[in-house]
Every structure is written in structure tokens, then in C-alpha cells.
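Only one structure is covered here, and it is reproduced in the block below.
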Amino acid sequence: MKQINYKSDFDFILRLRDCRGEEIGWPGYDWTATLRTTTRANSFTASCIGGVCTNCYEDNGQIHIVCNSPRMGKGVLWVEFHAGIPDVIYPDGVRDTFVPQPLEIELVDGAGDCPTDIEVEITVPVVYLNAYDLAVKAGFEGTYEDYVGYASRFPQTVETSEAVMLLLGDFAEGKEKIADALEAQGVDASATDSFDALAEKVKGLRLAVEDDPRAVSPRQFGGRQTLLEFMHNNRRAGFPGMVGVELYGMSDSLHGADAYLCSDGYGSTEGGEHEFAEEHSTHYVIHYYAKEDYQVPTYDKCAGMVVLGGRPALPVFGSSNMAYLHTYDCRPVMTGTLFQSAAIKEAVLHGLEENRSPLFQQCSSLWRLDIPDLENVLANVIYRNTALESIFLPGLVELNGGLCDLLISRIRKIAAPHLKTIMSGTVANNGAALTEIELPALETLSGGTVASNCAALTRIELPALETLSGGTVASNCAALTRIELPKFKWSNGTILQDCRSLRRATINCATPMPSFGRVFLGDFSDNTHIYLQNLTQMYGDCGLLTSNRQQGGEIHFYLPKLTMYDSFSSLGAVWDCTGDCDMYIHLGNQQSLSPINLVGGRGAMSKYYIKGITVEPGFMAPLRIDGNESLSPESLMALIANLGDNNGNATLTLTLGVANIAKLDEDTIALAQAKNYTIV
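Residues in the sequence shown are numbered from 6 upward in steps of one, following the numbering used here.
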């Protein structure tokens, strides 16, 4: 693409080719070339009509266009070439042909490229042979006027020339289609190539291109043709579906299809027993199906299978000895659990959009899995051991069943970049080696679990998660130390459950916490620190921890930006807990007019759970902590010492309650009053 400043003069050679790929050169008929850019601001015209040339000249048999003060806008340059081709079959004797095509020239704001000779090329979709030319090629020796005289006397001559023109047009279109097909298979080809050149390229073609994801060869046997190549090279019109089966053994009973072709050359429409030649130990059979919907067959001696085209129904392969299953260019559906076999090693399932049954159950040898179009998981994808070390599901949008469940001991990474919703099931359960879960688009968790019993997982980041209306983010992940939830909106689900080794969790929640939200559930180890960094507002009654099993240990919650929505909102540290746990709440230096209400929680022992409440120096807000009777005198004195000087503002209230006021000396009470606080 040559770049030229859009205000500059420029010139270029415009070469013309016809549909045979042959150069037309300087046309022997009237023509007009109208130039525009993609902005279509203005146009510039070059032409040669009746031998009078405008903005152009003949240059060694080619069209040389000179753009003087073109005044066109910026963008890629297009030409609309109008050819008035003489043809006696038209009433006015002229066949008007219009060719709009882009040129390899772009008009830009900048300086553009250094000046060079510019040549561009377009194809005029005709074979420029009028009826007189065809007659001469056929041996006619008279003049053009002689031919017109004969044509007027013998109309069938005109009909014959028109038929020849149409035939040549079909040839040109055919060449274009052949060239396009070759390019789709990775071969450099053009419609301007001769038929001989195209034929040579077809002869050397291997129709299954290894780098094409739609045609990945399943395996290679010492240079022999692969099953996929065998299928590509033997496609048949009228059969939209094909199943290629790799068989071992000398004979098998062909069944389930409308036609068959074997790698030893045997073909049949009947099926039945077939004995293969002895020269190879492995044999291929193509099954052809006349309808889009068809049932994929099963074989006892099947080493592998490739499915192409249509809407195939995948059977329950169960404990089959198949080592690979590949599907391409089709939309397969499942009829039951796909595999329960230690033999399956590769599964490439293009077109599979959902699974209503488990895909791979106890498939310990499975090392390659590619399901790019799977959008909705309704049952386990992986259940129990496989040889997989990573799972990548680029098409997954919704999870309604288990993804990787139970004893997935080798999987280190799970990625689903477009997963938005988890309704039920578990992304990863019992993943002993799992260290990474990438779910960057996950917005809603209304049931199920992201990670459960993953002992090596240390960090979970869910940058898009907003709604937790049910389910659990992480359960019993012993090494988990950090949670990142930057867009999280609190709800009735659970963030962490039974993460007993947790020492520190940072939750960057940026939105208010609604009524009845819960943060944690289950047992925790001693001295756990939970940072709710950006929690700014809270609505209604909310809880930090719910557990009936907590036995001992300190849990520290840090809420440096927390305020309440109104005086009726409250934060309970522990809800429905009958165990023995010590809670510590650490506030920042908030300045708020709404009271921050910290209750012990809900339950008979709730008023004894909070052992300490701290604020950072400069804290100025109404504070209610009268429902907590286990606060030490030292913690209360430190809290009052860090209060900011509220003089000059409306008096703020510290609601401590009778039991806590009794722990304060007169100097501490006087200090609070000196800072313009009332203690009640």
C-alpha cells in the first residue's frame, strides 16, 4: 500500500487484465476511470473517449493516469472503471461494464512514501473477444464490416458467439474458485495463474493442512496418509456427514452408514463384514451419511475416530479402546457419558456447545482436551483423574454443573476467559496441584463453588464478580492467603469456608454491603487477618462470620473506610456461633455523621465475641458498641485517645453501654468530653 499526502499531485500506471489473467494493455474501446477515497469527499476522472484522452496518456501500451490537483479526501483510493466494450449482440453495439475495485494507494495526512513509480492492477470481468474476434480465431478472413453483414443475415452466428462468451466467463469464474480453494488450503494461488499452473498446484496438494485448526491431523504413521487426510481427499457430494474410523485387526463388520469407503479401496453402500488387505496393521473406514442428523457408530476394535460435518449424535463410548476423538465443522450432541476409559488420550471437540452428561469420567490417560465452542456446562467435564495439566475453555459462558471434579491431581491451571455465571457445580474440586484459576469475566455466583479442597491454591482473583447470591468462592483451600474482588457487591453467599490455614485475606470490595450479607463461614485458624479495604457503606444487618464450630483463635477484621447507611444498619461480628472465638474489629479514621453500629452478633453468646475495637487517630463519627461486653478497659481507653478533635462541630455520641462505661476512669471520660463527644 503506497501512501501519498492527500493534497499532493501524483501519477500511476493502471494495468488491466481480463478474466483469463491476460493483460489488456491500452484498451481499444472508450473508457472512464473515476477515482474516489473511502471518505467519498470528491472524485477525480481520467478517460479516453473517441480517441480524446483526459488526465492520462498511453505509456508503453499501458494506461498512465496523472492526478493534477486531485482534491480528494483521505483514505484508501478506489477506482470505478467504466469500459464501453464493442459487442454486436447489444442494441447500441456496446457492452457497458463497470468495475469498482480498491487500489494499493492510500491518501494520508502525513508526508507519505518517497516518490517511486507506482503500478496498480485491476481485473475487468470480461474476456475481451467480440464476435468478430471469435470469428477470426475460427478462421474468418474478412473485414469487420464483412462480418457484420454476415451476422445480420445469419442471426445464429450471433447466438453462437454469445454462447462462447458465456463459456469463457464460466472458465474465468471457475479459475477464481479453484484459486480461492487452493488459498484456503494454504497454497499461494491466483485467478491470474494459468490452468496448467493451477492443475500442478492441485496435484501437489495435501488437503488436510496441519496448521489449520479445522483440520488438525490426529496422528502420523511414518509418512502415511492420516485418517483426516484420507477423509478430506474422499469427500462426496450429497453426504454432509462423515465419520472416519481407524480400525485394528484384519476384519470388521461395517455398519450404521449410508455408504462406506475403506483405505484398501473397498467401497460399498451395503455395509457388512469386510476383510482388509494384510499390508497394513491399521485400517481406515469412512462412513458417509446422506442427512445432516446422524448417529456416530461404535466399534470394538476402534483405535480412533474423526467426525466431519452435519449434526452428529455422539454415543456413549464408555470403556472403548479409542485413543482419540476429533470433531470438525459440525455441531455434535451427546446422548450420555462420553468416556469412562483409561484408553482415551486426545479429545478435540469442535462445535460441541453444551454437555448434558459427563464428558470424561475416570479417564486417567487423557492428556489433550480442546473444546473451544463449549458454552454451557450442565454436567461434569472432568470427573476424577486425568493426565491433563491445564484446562482452557474459551467459549464457556455459563456453568450449571461440575467443571473439574474430584481427584484432578495433575491440573495446575484452569482458565475460562468468558465465563460470566456460575449457577451450580464446582470449577475445581480436589485439585491437589491447582495453583491458578483465571475467570476474568465472572460476574455472578448464585450457586456452586469456584474452588474446593485445592490445597496448593494460594490466590483467587475475580475482577468482574459483582453478585454473590448463593454458593461459595472458596472452601477448604488450606494454602489460600489472598482474595481479590474489586467489583464485589455483597449478598447472601459465602466468600470463604473452612480455610483453616488462612492468615490474611484482602477483599477489595468497592460497593455497599446490602442487608443480610455474610462474609465468612466455617472454621479458621488462630490469628487470621481479614482486610475489607474498600467497603465504604453497609445497608441493614450484616455479618462477618457465621459458624457453629469455631473453637478458639483470634480473627481480626479491618474496615478502614466503613460507614453505615443509616442508624438502623448494624454489623454483627459473629452470627449463630456457639463456639469460643475472639473477634477484633479495626476501623480507620472515618469521618461520618451516620452512626457506626457494631453489635456482637446474633445468638446467646454474641455480646462476648468482640474482644477489641480500635480506631485510627482522627476518627470522628458516632459509634455504637454497647452490645459488646467483653471489651477490655485498655481497648476502650485507646479508642477514646485516638478520637479526632470534634470541637466546632455538632456533638457526636459514643454509645458504650453501662457495662463498658464502668470500665472507664474519670480522666478518659473527660478526654472524650473535651473532644466534643457525649458518652452514653
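We put the CB at the ideal spot given by N, CA and C, even for glycine.
Worksheet item: Counting only runs that start and end within the region 634 to 666, where is the beta strand (DSSP E) found for 3 or more residues in a row?
Response: Within the region 634 to 666, the runs of beta strand (DSSP E) at least 3 residues long that lie entirely inside it are, in chain order, 657 to 660.
Discussion item. For Leu676, report the span of its alpha helix (DSSP H) as first-last.
Written reply: First-last of the alpha helix (DSSP H) with Leu676: Glu671 to Ala679.
Worksheet item: When DSSP labels each residue in this structure, what does Asp23 get in the three-state scheme?
Response: Here DSSP, grouped into helix, strand and coil, assigns Asp23 to coil.
Item to complete: Measuring alpha carbon to alpha carbon, tell me which of Ile54, Ser13, Leu319 and Phe49 ends up nearest Trp31.
Response: Comparing Cα-Cα distances from Trp31 to each of Ile54, Ser13, Leu319 and Phe49, the minimum goes to Ile54.
Worksheet item: Under a three-way DSSP split, which group does Glu63 fall into?
Response: Judged by DSSP in its simplified three-state form, Glu63 adopts strand.
Worksheet item: Which residues mark the beginning and the end of the beta strand (DSSP E) in which His331 is found?
Response: Unbroken beta strand (DSSP E) run through His331: Tyr329 to Tyr333.
Practice prompt. Report all residues from its chain with a CB closer than 8 Å to the CB of Val207; omit the five preceding and five following residues, and keep chain order.
Written response: Around Val207: Ile183 and Leu187.
Worksheet item: Helix or strand or just coil, what does DSSP make of Ala433?
Response: Look at Ala433 here: in three-state DSSP terms it is strand.
Worksheet entry | Expected contact under 8 Å - CB spacing of Leu252 and Ile291 to nearest Å | Distance from Leu252 to Ile291 at the Cβ level is roughly 12 Å; contact not present, criterion being Cβ atoms closer than 8 Å.
Worksheet item: Taking the alpha carbon of Leu467 as the point to measure from, which residue in Ala460, Lys494 and Asn481 has its own alpha carbon closest?
Response: Check the Cα spacing between Leu467 and each of Ala460, Lys494 and Asn481: the tightest is with Lys494.
Worksheet entry | 8 Å Cβ cutoff, Gly261 in contact with chain B | This model lacks chain B altogether; it includes just one protein chain.
Worksheet item: So, Asn643 versus Gln596, is the Cβ gap smaller than 8 Å?
Response: It is Ala, not Asn, that sits at residue 643 in the sequence shown. Contact: no.
Worksheet item: When DSSP labels each residue in this structure, what does Tyr682 get in the three-state scheme?
Response: Tyr682 falls in the strand class under three-state DSSP.
Worksheet entry | 8 Å contact criterion, which Ile684 and Leu648 should meet: CB distance rounded | Incorrect: roughly 11 Å between the Cβ atoms, too far for contact.
Worksheet item: Starting from Glu234 and walking both ways along the beta strand (DSSP E), at which residues does that stretch end?
Response: Note, Glu234: premise wrong, no beta strand (DSSP E); alpha helix (DSSP H) at Leu232 to His237.
Discussion item. By the three-class DSSP mapping on this structure, what secondary structure does Gly309 have?
Written reply: Looking at Gly309 - three-state DSSP - the assignment turns out to be strand.
Discussion item. What does the alpha-carbon distance come out to for the pair Ile560 and Ser640?
Written reply: Taking the straight line joining both Cα atoms gives about 16 Å.
Item to complete: With a cut-off of 8 Å on the beta carbons, I'd call Leu447 and Thr463 a contact; round off their distance for me.
Response: Distance from Leu447 to Thr463 at the Cβ level is roughly 19 Å; contact not present, criterion being Cβ atoms closer than 8 Å.
Practice prompt. Can you say whether Asn390 is buried or exposed, counting buried as having 16 or more other CB atoms within 10 angstroms of its CB?
Written response: Taking a 10 Å sphere around the C-beta of Asn390, we find 16 or more other C-beta atoms and assign the residue as buried.
Worksheet item: Leaving out five residues before and five after Ala347 in sequence, what residues of the same chain have Cβ atoms less than 8 Å from its Cβ?
Response: Residues of the same chain with a CB within less than 8 Å of the CB of Ala347, apart from the 5 flanking positions on each side, are Gln367, Cys368, Ser369 and Ser370 in chain order.
Practice prompt. Take Thr440 and list the residues in its own chain whose beta-carbon comes closer than 8 Å to its own, dropping the five residues that flank it on each side.
Written response: Answer for Thr440: Arg417, Lys418, Ala461, Leu462 and Thr463, listed in chain order.
Worksheet entry | One or two residues paired with Ala421 in a DSSP bridge | Paired residues: none, contrary to the question.
Practice prompt. To the nearest angstrom, report how far apart Leu412 and Leu393 are at their CA atoms.
Written response: Using only the alpha carbons, I get a separation of about 12 Å.
Worksheet item: Of all the options Gly309, Met428, Gly254 and Leu203, which has the alpha carbon lying nearest to the alpha carbon of Cys279?
Response: Here residue 279 turns out to be His, not Cys, going by the sequence shown. The closest CA to that of His279, considering only Gly309, Met428, Gly254 and Leu203, is found on Gly254.
Worksheet item: Buried or exposed: Cys504, going by 16 or more other Cβ atoms within 10 Å of its Cβ?
Response: Result: buried.
Item to complete: Put Glu28 into one of helix, strand or coil per three-state DSSP.
Response: Under the three-state reduction of DSSP, Glu28 is assigned to strand.
Discussion item. Pairs of beta-carbons, one from the region 47 to 66 and one from the region 109 to 117, closer than 8 Å: are there three or more?
Written reply: Too few Cβ pairs lie closer than 8 Å, so no.
Worksheet entry | Of the residues Ala38, Ile615, Gly356 and Val386, the one placed nearest Arg336, counting alpha carbons only | For the residues Ala38, Ile615, Gly356 and Val386, the minimum Cα distance to Arg336 belongs to Gly356.
Item to complete: For Lys668, collect the residues of the same chain with a Cβ closer than 8 Å to its Cβ; drop the 5 residues on either side in sequence, then sort them by chain order.
Response: Counting only Cβ-Cβ distances below 8 Å, and skipping sequence neighbours, we find Leu636, Ser637, Pro638 and Leu641.
Discussion item. Is the beta carbon of Ser474 closer than 8 Å to that of Ser457?
Written reply: Taking 8 Å as the Cβ cut-off, Ser457 and Ser474 do not qualify as a contacting pair.
Worksheet item: In or out: Val604 buried (at least 16 other Cβ within 10 Å) or exposed?
Response: Residue environment analysis places Val604 among the buried positions, since at least 16 neighbouring C-beta atoms fall within 10 angstroms of its C-beta.
Discussion item. Suppose the cutoff is 6 Å on Cβ atoms and the five residues either side in sequence are ignored; what does the same chain contact list for Ser362 look like?
Written reply: Sequence-distant Cβ neighbours of Ser362 in its own chain, meaning closer than 6 Å and more than five residues away, are Met339, Gly341, Thr342 and Ala384.
Discussion item. Quick check on the burial criterion: 16 or more other C-beta atoms within 10 angstroms. Buried or exposed for Leu567?
Written reply: Counting Cβ neighbours within 10 Å, Leu567 comes out buried, since at least 16 surround it.
Worksheet item: So is Asn65 buried or exposed if we call it buried at 16+ other beta carbons inside 10 Å?
Response: Looking at its Cβ environment, which holds fewer than 16 other Cβ atoms inside 10 Å, Asn65 is exposed.
Discussion item. Check whether the region 311 to 319 and the region 267 to 276 are in contact - that is, three or more C-beta pairs closer than 8 Å.
Written reply: With fewer than three CB-CB distances shorter than 8 Å, the region 311 to 319 does not count as touching the region 267 to 276.
Worksheet entry | Buried versus exposed call for Ser74 [16 or more other C-beta atoms within 10 Å across all chains shown] | So Ser74 counts as exposed.
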